[in-house]
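Residues in the sequence shown are numbered from 198 upward in steps of one, following the working numbering.
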Amino acid sequence: MITDARVNEIVSLCNTSVAGRFAIFCNPKSIYRGPNFKWDWFVGHVQREASVWLLTVCTGETIDEEERALAEQKSKEFAEYLIKQMFDSINAN
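This is the structure in structure tokens:
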């Protein structure tokens with residue numbers, strides 16, 4: 198069972214990491230975006246990277262499967278939220 202404090206730590210880490218990557222990928226001239234870039238790929242990318250971010254920040258700590266799964270889930274959810282907000286904003290104009 199993950200404590201509430203640990204959940205908050207993981208969600209904060211994931212949201213910060215996803216937001217940073219999102220800012221980079223919003224720039225169409227970014228070296229990370231190629232001509233075939235799709236936002237669906239971005240969601241999968243940050244979801245896969247979540248466990249790497251968790252391991253990087255929690256050096257020396259044991260990361261269990263429940264924490265890794267939570268990090269992936271929350272990263273995916275936040276990425277989808279940011280993308281939806283971006284497209285809603287574009288479509289509103």
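In this text, a Cβ means the ideal position worked out from N, Cα and C, and glycines have one as well. This structure is a prediction, so every number in the text was calculated from the model and none was measured.
Backbone secondary structure at Cys211 - three-state DSSP: helix
Reduced DSSP secondary structure (H/G/I, E/B, other) of Glu206: helix
Contact belief for Glu277 with Val240 at Cβ below 8 Å, rounded distance in angstroms: 6 Å
Cα-Cα separation, Thr213 to Leu267: So the alpha carbons of these two residues sit roughly 15 Å apart.
Cα-Cα separation between Tyr229 and Ala289, rounded to whole angstroms: 27 Å
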